[in-house]
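This report concerns only the one structure given below.
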Amino acid sequence: MLTWANTETMQMHLDKISRHVARKAHAVILMDRAGWHTTGNLKVPKNLTIILLPSRSPELNPVENIW
1 MLTWANTETM
11 QMHLDKISRH
21 VARKAHAVIL
31 MDRAGWHTTG
41 NLKVPKNLTI
51 ILLPSRSPEL
61 NPVENIW
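Under this note's numbering, think of the first position of the sequence shown as 1, with each following residue one higher.
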């Protein structure tokens, strides 16, 4: 659990996920288009691929059901 949602904490999150991916495996992460997910300042580890959900598609993002 992180107290902030920004580029720095997103980078920490991606790095941690990357460390837990099995050797010679590859992980895919689905994310919405929050600013800290789409910034060019993120250095996505080589064993991860980010797929961004389409804009304006709350039905594809289960977190939207909270609201």
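The C-beta atom is built at its ideal place from N, Cα and C for all residues, glycine as well.
Here the structure is a predicted model, which means the values were calculated and not measured.
query: Mark L52 as exposed unless 16 or more other C-beta atoms lie within 10 angstroms of its C-beta, in which case mark it buried.; result: exposed
query: Kindly provide the ranges of any beta strand (DSSP E) runs that are 3 or more residues long and lie completely inside the segment 16-54, ordered along the chain.; result: 27-31, 48-52
query: If you check the beta carbons only, do L48 and A27 fall under 8 Å apart?; result: yes
query: Give the straight-line distance between the Cα atoms of L14 and P58, rounded to the nearest whole angstrom.; result: 23 Å
query: Indicate the three-state DSSP secondary structure (helix, strand or coil) for L2 in the structure shown.; result: coil
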